[in-house]
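Numbering (the UniProt record's numbering), first residue to last: 1 to 110.
A virtual CB, placed ideally from N, CA and C, is assigned to each residue, including glycine.
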Amino acid sequence: MKKPDTVVQRQLDAYNAHDLERFVAEYSHDVQVFRPPQPEPVLQGMQAFSEHYAKNRFTLPDLHAKVLNRIVSGNIVVDHEEVTGLDPSPRHTVAVYEVDDGLIRRVWFY
Numbered sequence: 001m002k003k004p005d006t007v008v009q010r011q012l013d014a015y016n017a018h019d020l021e022r023f024v025a026e027y028s029h030d031v032q033v034f035r036p037p038q039p040e041p042v043l044q045g046m047q048a049f050s051e052h053y054a055k056n057r058f059t060l061p062d063l064h065a066k067v068l069n070r071i072v073s074g075n076i077v078v079d080h081e082e083v084t085g086l087d088p089s090p091r092h093t094v095a096v097y098e099v100d101d102g103l104i105r106r107v108w109f110y
């Protein structure tokens, strides 16, 4: 079985390579993305998820995420990231990934 932090690292490597196919391969077909405090997912399902990243992220040539700190607890991986290429200055974010059966099922972005 794939270790949760290995799955999360592979999706991060694909994100930084702007490789949509490799990126979405690390996510479950019923992926849910949350942006608290909103209780409902902002993205749900593989089609909406892959379309969002194809149109709104991987079109940005300078997009890059760097992990500043990673915590792993069971099937939960928490990354403190510095993301460049979205805004004029770097954006710091916390991403909480829930990995089930070797795929990322839910993500919360803070």
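Fully contained in the segment 40-101 are the following beta strand (DSSP E) runs of length 3 or more, in chain order: 64-73, 76-84 and 91-100. Rounded to whole angstroms, the separation of the alpha carbons of valine 96 and leucine 43 is 15 Å. Sequence-distant Cβ neighbours of histidine 92 in its own chain, meaning closer than 6 Å and more than five residues away, are Glu82. Per DSSP, tyrosine 27 lies in no alpha helix (DSSP H); the unbroken beta strand (DSSP E) holding it starts and ends at 27-34. Between tyrosine 110 and proline 39, the beta carbon gap of about 14 Å keeps them out of contact (Cβ cut-off 8 Å).
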